[in-house]
Each structure stands twice: as structure tokens, then as C-alpha cells.
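Notes follow the structure.
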Amino acid sequence: MLVEENRICNSGKTDAPFFAWPWENFGNYKYLLYGPLIAKVLYSMAGEGNKEDTWCLHILILFVLRGLVHQLCSTYSNLLFLNRTRRLNQQGINFNQIDAEWHWDNFLILQAIVASFSYLCFPSLANLPIWDIRGTVCCLILHMGISEPLYYWMHRLLHSNILFPSYHWLHHSSKVPHPFTAGHATFLEHLLLCVIVGIPTLGTAFLGYGSISMMYSYVLGFDFLRCFGHTNVEVIPHSLFEAIPLLKYIIYTPTYHSLHHVDTRTNFCLFMPLYDLLWKTINANSWDLHKQICTKTNDRVPDFVFLAHVVDVMSAMHAPFVFRSFSSIPFGIKPFLFPMWPYTVLVMLIMWAKSKTFLFSFYNLRGRLHQTWVVPRFGFQYFLPFAAEGINNHIEDAILTADKIGVKVISLAALNKNEGLNGAVILKEIPQDVDEVFLTGATSKLGRAIALYLARRGVKVLMLTQSTERFIKVQKEASVDRQKFLVQVTKYQAAKNCKTWIIGKWMTPREQSWAPSRTHFHQFVVPPIIPFRRDCTYGKLAAMKLPEDVEGLGSCEYTMERGVVHACHAGGVVHLLEGWEHNEVGAINVDQIDVVWDAALRHGLKPLQI
Ligand SMILES: [Zn+2]
Ligand SMILES: [Zn+2]
Numbered sequence: 001m002l003v004e005e006n007r008i009c010n011s012g013k014t015d016a017p018f019f020a021w022p023w024e025n026f027g028n029y030k031y032l033l034y035g036p037l038i039a040k041v042l043y044s045m046a047g048e049g050n051k052e053d054t055w056c057l058h059i060l061i062l063f064v065l066r067g068l069v070h071q072l073c074s075t076y077s078n079l080l081f082l083n084r085t086r087r088l089n090q091q092g093i094n095f096n097q098i099d100a101e102w103h104w105d106n107f108l109i110l111q112a113i114v115a116s117f118s119y120l121c122f123p124s125l126a127n128l129p130i131w132d133i134r135g136t137v138c139c140l141i142l143h144m145g146i147s148e149p150l151y152y153w154m155h156r157l158l159h160s161n162i163l164f165p166s167y168h169w170l171h172h173s174s175k176v177p178h179p180f181t182a183g184h185a186t187f188l189e190h191l192l193l194c195v196i197v198g199i200p201t202l203g204t205a206f207l208g209y210g211s212i213s214m215m216y217s218y219v220l221g222f223d224f225l226r227c228f229g230h231t232n233v234e235v236i237p238h239s240l241f242e243a244i245p246l247l248k249y250i251i252y253t254p255t256y257h258s259l260h261h262v263d264t265r266t267n268f269c270l271f272m273p274l275y276d277l278l279w280k281t282i283n284a285n286s287w288d289l290h291k292q293i294c295t296k297t298n299d300r301v302p303d304f305v306f307l308a309h310v311v312d313v314m315s316a317m318h319a320p321f322v323f324r325s326f327s328s329i330p331f332g333i334k335p336f337l338f339p340m341w342p343y344t345v346l347v348m349l350i351m352w353a354k355s356k357t358f359l360f361s362f363y364n365l366r367g368r369l370h371q372t373w374v375v376p377r378f379g380f381q382y383f384l385p386f387a388a389e390g391i392n393n394h395i396e397d398a399i400l401t402a403d404k405i406g407v408k409v410i411s412l413a414a415l416n417k418n419e420g421l422n423g424a425v426i427l428k429e430i431p432q433d434v435d436e437v438f439l440t441g442a443t444s445k446l447g448r449a450i451a452l453y454l455a456r457r458g459v460k461v462l463m464l465t466q467s468t469e470r471f472i473k474v475q476k477e478a479s480v481d482r483q484k485f486l487v488q489v490t491k492y493q494a495a496k497n498c499k500t501w502i503i504g505k506w507m508t509p510r511e512q513s514w515a516p517s518r519t520h521f522h523q524f525v526v527p528p529i530i531p532f533r534r535d536c537t538y539g540k541l542a543a544m545k546l547p548e549d550v551e552g553l554g555s556c557e558y559t560m561e562r563g564v565v566h567a568c569h570a571g572g573v574v575h576l577l578e579g580w581e582h583n584e585v586g587a588i589n590v591d592q593i594d595v596v597w598d599a600a601l602r603h604g605l606k607p608l609q610i
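Here the sequence shown is numbered in my numbering, starting from 1 and rising by one per residue.
Spelled out as C-alpha cells, the structure:
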């Protein structure tokens with residue numbers, strides 16, 4: 001049956017009545033549905049309204065708070081450095097799941113509408129007191145006596161052979177639970193959920209014990225527990241259940257609900273396992289698994305680590321634990337980031353003072369665990385002389401730690417260090433018919449490799465460097481018949497007739513102005529140069545697309561498209577896939593450039609565009 005249902009999961013129907021949301025095609029304009037409520041509140045603030053308008057204000061505040069509860073739970077769920085050892089499903093959440101759950105907040109709009117209509121039908125609801133202790137008791141009784149069992153049977157029905165393939169498959173199509181999965185269900189299911197939430201809240205109000213605080217706490221508590229069950233991180237200590245055994249039937253745990261997602265014939269309850277006990281659907285493994293997760297830390301050693309750093313304050317907000325959806329699209333500056341800027345600066349200062357290198361994201365490729373670790377430093381700090389030592393210590397510590405725990409390959413990001421595939425990607429972009437290039441940063445690690453490689457190909461390389469000594473050192477590495485292709489130049493003017501510029505050092509608009517019209521600027525400089533010339537083209541930082549069979553990848557690397565990573569990251573992946581033993585920290589072996597490129601293509605990594 002389990003296998004059966006899983007199969008249906010992937011091919012569920014979407015045309016059943018009340019499957020889709022009425023505002024399915026509105027996109028983000030759906031938030032305009034809050035418009036009438038906002039208008040009414042503004043109207044009353046202008047002094048024209050009456051009591052009913054405070055009710056509207058409460059609905060609005062409540063729905064902002066509900067969104068916040070979900071957001072905070074999402075943040076917690078994505079703080080891998082805090083909870084990696086307590087994760088239930090070890091897979092990452094991929095782009096497909098993020099896209100499917102994109103409009104997880106539809107039910108908040110629905111419930112705001114239902115709440116508004118409840119008021120319009122029963123105006124007496126406007127007169128609720130702030131607090132009524134009897135209401136709390138009444139609300140709990142209604143919840144336990146009606147909502148819980150009703151949800152239980154509704155959920156069991158949703159798993160029947162008729163309703164599952166028409167509706168409930170959608171919720172179960174999310175492979176790795178996440179707080180947003182809690183809201184991910186069909187319109188029909190959320191209409192039913194309105195009844196579940198409505199009985200204790202409106203019921204208490206109709207019985208005369210209603211209060212504003214009861215409304216807020218029940219609804220926010222309800223949301224929190226739904227998110228909590230889907231966090232994919234176990235937080236309740238098992239010792240608590242050992243001390244008070246009864247408690248395990250009163251409140252469920254993330255482990256408990258995660259088992260429902262694994263074995264869909266068990267653990268149907270809303271929040272209280274009591275009802276699964278009553279109707280004999282408790283998963284026998286529930287408490288053992290809970291104990292196992294709480295006592296045994298499953299801290300799997302990654303096979304590969306990409307050691308990155310934060311680019312700047314704006315891009316720091318692109319982290320998956322800030323906004324998951326934003327992180328799943330390439331980074332770009334968005335208006336909503338500006339109000340958060342001061343807080344992020346504060347976080348940066350705290351990180352500078354306190355933080356260690358931390359686990360940022362992960363994915364799996366062919367059974368191997370790949371992690372990105374972040375050095376708690378921002379790009380600009382790399383250019384501060386007094387910060388250099390701190391950064392070097394962090395990088396060194398991270399490398400030592402990785403080595404100690406048994407990481408097979410560690411790759412250092414752009415400002416930390418360059419790697420061979422970086423050069424390969426740039427070199428493969430240069431058209432075959434080019435016979436002359438201009439190269440800056442020419443005696444750097446990567447610049448040297450590019451110069452020597454092109455000289456072998458018979459391309460004349462104008463190497464910009466002030467140091468004749470360093471130039472000669474590189475030139476001598478080329479075979480005698482190729483040395484003539486390497487030419488030292490000391491001014492940008494020398495390249496005023498060359499249309500292929502390879503930039504390895506930051507350059508000013510004035511320096512760019514020497515390039516002839518229709519020049520293409522290839523780049524291996526971080527940060528990239530500002531595209532100042534309208535009549536020229538600019539290459540992006542070298543990057544490659546990860547193989548199609550990458551699993552659990554759900555965030556974009558900085559401005560890169562989905563699945564695309566910087567060449568230094570991709571280089572490490574190739575290294576691991578090939579099982580190479582050699583170290584890439586020293587000078588780049590020019591012979592390796594074609595080898596690493598061919599290996600990358602063979603393993604399914606793709607160049608972006610050539
Ligand atoms: Zn279910
Ligand atoms: Zn669920």
C-alpha cells in the first residue's frame with residue numbers, strides 16, 4: 001500500500017473540484033484580497049468608522065503574526081549549523097518542492113476571508129473582552145472533544161483510495177517536511193481545516209466565553225504546532241517523555257508526524273497521539289525512533305566541502321534561513337531588503353566578533369554529501385589589512401577541521417583561492433580563431449596558467465605586469481619555441497587593438513576605456529569589474545552547471561542560476577568524482593587544465609554557454 005501511494009503521489013490528479021485555489025492565477029496579486037480589510041481599517045483611523053473596524057484590524061494583525069510564525073519556523077528549520085545532528089529526513093529540499101510550496105500562505109488569505117464573513121454574519125463577535133479565563137478551558141475542551149477527533153477521521157478519509165489521489169497526494173508530494181509544507185494542501189482540505197479551527201474559537205465565542213486573547217493564542221498556537229510537526233528537526237528531549245510518560249499521548253513531535261509522511265497508514269492525529277492510540281493507528285516505531293534521534297547524534301561527515309564567504313551585506317540576506325523562496329532564485333537587489341539592511345549589519349558585526357565557520361547548505365550527488373561552509377567574513381573584510389590575519393586563521397581552522405573529521409575534498413571559494421577548472425572554463429570560452437589576447441593579473445596563480453596554456457596553443461599573450469622579473473619567471477616555464485608568444489606589456493594602451501581581454505585584476509572605467517570597440521572581457525577577478533563600456537561585452541565569473549542527478553539542492557549560489565556553481569566549487573566536485581588524490585592548493589598544473597575539463601564534461605557538469 002505504501003509503495004502504491006508513493007506512486008500516486010507523483011502523478012496525482014489536479015482537476016478534482018475545489019482542488020485549486022480560486023486565486024490560483026493571481027500570482028502575488030492575491031495579496032490584494034486583503035485590500036478591503038486594509039481599506040476598512042484606514043477608514044476607521046480617519047475617524048469615520050465604528051467598532052467593527054477594530055475587528056478588521058485584529059484579523060490583519062493576526063495574519064501578519066501567523067506569517068511570522070511560519071517564517072520563524074522556516075528559519076529555524078534551515079539553521080543547519082544548529083540542528084544538523086537532529087534532522088529527521090537527511091535529504092535536502094529541492095527546487096521542485098520549493099516551487100510547489102511557493103504559495104503555502106494561501107490558507108491564511110482563506111481564513112482571513114472566512115473570519116471576515118463570520119463577523120459579518122455574527123456582529124456580536126465585535127464585543128469580545130480582552131481576556132476570559134473560562135474561555136481558555138472551553139476552547140481546550142472543544143479542541144480535544146471535537147476538533148482533534150474530527151481532524152483524525154477527516155485525515156483518515158483523505159487517505160482513502162478515492163480522496164488521496166484527488167486531493168491529499170499534494171501534501172504528501174513534499175518529500176522532506178518543512179514548516180511551509182504544513183500549509184501546502186488543496187483548497188478543499190483548507191476549507192475543512194477552517195472548520196477544525198473554527199469550532200474551538202467561534203464555538204467558545206458563541207457559548208459566551210470568547211475573548212480576543214483566546215482567539216490570538218489558539219490560532220497562533222495552532223499554526224506553531226502545525227509548523228513544529230513539519231520542521232524536520234527533533235527538539236523535544238526524550239527524557240521528558242520518560243519523566244512524564246502520559247505526555248507522549250498529549251503532544252506529538254516532529255518525529256511522530258514525519259513517520260506519517262514515511263508510512264501513510266499511521267500517525268494521522270492533528271496534535272494529540274491519544275487519538276491514534278484510541279483507534280490503533282500509532283506507528284510502533286514512534287517512540288523508539290524519537291529516542292534514537294535524541295540520543296544518537298547522526299552527524300554524517302561530508303565527502304566534499306565548499307568553503308565560501310559572504311559577499312556583502314545585501315547578499316547575506318540571500319541565505320536559505322532568511323527567506324527560503326528568495327534564496328531559491330539567483331540573487332539580485334530587491335526593495336524588501338533595504339529595511340532589513342541595518343539588522344544585517346548588526347549580525348555581521350556579531351559574526352565578526354563571535355562566529356566560527358558554519359554549515360550553510362548541502363546537497364547530495366551520487367550518494368555523497370556535499371556541504372557549503374561559510375567563513376563568517378564579508379567580502380570587503382578581505383581588503384582590510386587588519387582583518388587579514390583573522391580571515392586566514394578561520395580558513396586554516398576550517399581546513400584543519402575538515403581534514404580531522406575526514407572530508408575528502410575541500411574547495412576554496414574565489415577570494416579564498418582559485419582552482420584549475422576556473423582556468424579551464426575561461427580558456428574554453430575563448431574562440432579557437434583568436435590569435436592574440438590581453439591578460440591582466442598575468443602573474444597570479446590562475447593568470448600564469450592561462451598564459452602558459454594559450455602560449456602552447458600558439459596564441460600571443462600580452463601580459464600586463466610591471467615586474468619584469470615575475471614575467472620572465474613565467475616565460476621561462478614555456479618551452480623555448482613557445483616563449484615568443486608571451487609578451488610583457490606595462491600599460492593598458494598596449495592592448496588598444498586587441499579585442500580579447502582576460503581580466504584577473506580589478507580595473508577602473510578609465511583603464512577599460514583603452515579597449516577597442518566590440519572587445520569581450522573574460523573575467524577571473526572578484527568582485528567582477530563594472531560593465532562600463534556600452535560597446536563591449538562582459539563575461540560572468542567562471543561557472544558550471546551541476547549534473548542533472550544532483551539531489552536536494554534548493555538554493556542558488558549568489559547570482560548564479562539554479563544548479564549553477566562557481567568554477568572553484570565545480571572543480572572540487574570533479575576532484576571528488578574522479579577520486580583524485582593530488583592537492584590543488586599549489587600552482588596549477590597546465591597539463592591538468594584539459595584533463596579537468598574533460599572530466600567535468602564526462603561527469604555531466606555543463607558549461608553555461610560558449
Ligand atoms: Zn496525510
Ligand atoms: Zn504533514
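Note that beta-carbon positions come from the ideal geometry of N, C-alpha and C, so glycine has one too.
So if DSSP puts residue i in a beta bridge, which residue, or which two residues, is it bridged to?
| i | result |
| --- | --- |
| Pro627 | A question about residue 627 goes unanswered here, because the residues of the chain that appear run from 1 up to 610. |
| Asn537 | Reading off the sequence, residue 537 comes out as Thr, not Asn. His520. |
| His566 | Ala543 |
| Ala308 | Val374 |
| Glu551 | Asn364 |
| Lys428 | For Lys428, which the question treats as bridged, DSSP gives no partner whatsoever. |
| Asn411 | The question names Asn, but residue 411 is Ser in the sequence shown. According to DSSP, which records beta bridges pairwise, Ser411 is partnered with Phe306. |
| Lys606 | Lys545 |
| Ile282 | The partner list for Ile282 (beta bridge, DSSP) is empty, contrary to what the question assumes. |
Grouping DSSP H, G and I as helix and E and B as strand, with all else coil, what is residue i?
| i | result |
| --- | --- |
| Tyr256 | helix |
| Ile38 | helix |
| Phe532 | coil |
| Ala478 | coil |
| Lys496 | coil |
| Pro376 | strand |
| Met463 | strand |
| Arg300 | coil |
| Trp55 | helix |
| Ser217 | helix |
| Glu101 | coil |
| Phe331 | coil |
| Trp580 | coil |
| Gln111 | helix |
| Val69 | helix |
| Phe438 | strand |
| Asn400 | The residue asked about is misnamed: residue 400 is Leu in this sequence, not Asn. Of the three classes helix, strand and coil, the one that applies to Leu400 here is helix, per DSSP. |
| Tyr142 | A small correction: the amino acid at residue 142 is Leu; Tyr does not occupy that position in the sequence shown. DSSP places Leu142 in helix when its eight states are reduced to three. |
| Ile616 | Because the chain in this structure spans residues 1 to 610, residue 616 falls outside the shown range and cannot be described. |
| Arg510 | helix |
Near residue i, what residues of its chain come up, given a Cβ to Cβ distance below 8 angstroms and the 5 sequence neighbours on each side ignored?
| i | result |
| --- | --- |
| Gln91 | Lys175, Val176, Asn364, Glu551 and Gly552 |
| Tyr249 | Met272, Pro273, Leu274 and Leu277 |
| Trp102 | Ser325 |
| Tyr34 | Leu60, Phe63, Ile109 and Ala112 |
| Asp549 | Leu365, Arg366 and Gly604 |
| Leu150 | Val195, Ile196 and Ile199 |
For residue i, I'd like the list of residues in its chain whose CB is within less than 6 angstroms of its CB, leaving aside the five on either flank, ordered along the chain.
| i | result |
| --- | --- |
| Arg368 | Asp303 |
| Asn83 | Val233 |
| Ala402 | Val305 and Ile410 |
| Val595 | none |
Counting only the same chain and skipping the five closest in sequence on each side, list residues whose C-beta sits under 7 angstroms from that of residue i.
| i | result |
| --- | --- |
| Trp506 | Val525 and Ile529 |
| His261 | His172 and Pro177 |
| Val374 | Ala308, His309, Val310, Thr357, Phe358 and Phe360 |
| Ile130 | Ser211, Ile212 and Ser213 |
Contact the segment 305-322 vs the segment 183-191: 3+ CB pairs below 8 angstroms: no
Validate contact between the segment 155-166 and the segment 254-274 using beta carbons, cut 8 angstroms, 3 pairs: Yes, the segment 155-166 touches the segment 254-274.
Given 8 angstroms as the limit, is there contact between the segment 225-243 and the segment 108-127, that is, 3 or more CB pairs closer than that? no
At a cut of 8 angstroms, does the segment 564-583 reach the segment 593-602 through at least three beta carbon pairs? yes
So, does the segment 533-548 touch the segment 345-352, judging by three or more C-beta pairs under 8 angstroms? no
Do the segment 436-444 and the segment 492-501 meet, that is, are 3 or more Cβ pairs less than 8 angstroms apart? yes
Tell me which residues pass a beta-carbon proximity test against ligand 2: closer than 7 angstroms to any heavy atom, given in chain order. One residue after another in chain order, those with a Cβ under 7 angstroms from a heavy atom of ligand 2 are His171, Pro177, Thr181, Ala182, Gly229, His230, His257, His260 and His261.
Are the segment 23-33 and the segment 190-198 in contact at 8 angstroms, needing three or more beta carbon pairs? no
Taking 8 angstroms as the threshold, find out whether the segment 201-220 comes into contact with the segment 135-142 through three or more Cβ pairs. yes
Contact between the segment 355-362 and the segment 388-398 (3+ Cβ pairs under 8 angstroms): At 8 angstroms Cβ cutoff, the stretches touch.
Check whether the segment 195-203 and the segment 20-29 touch, using three or more Cβ-Cβ pairs below 8 angstroms as the test. no
Any 3 or more C-beta pairs closer than 8 angstroms across the segment 512-527 and the segment 459-471: no
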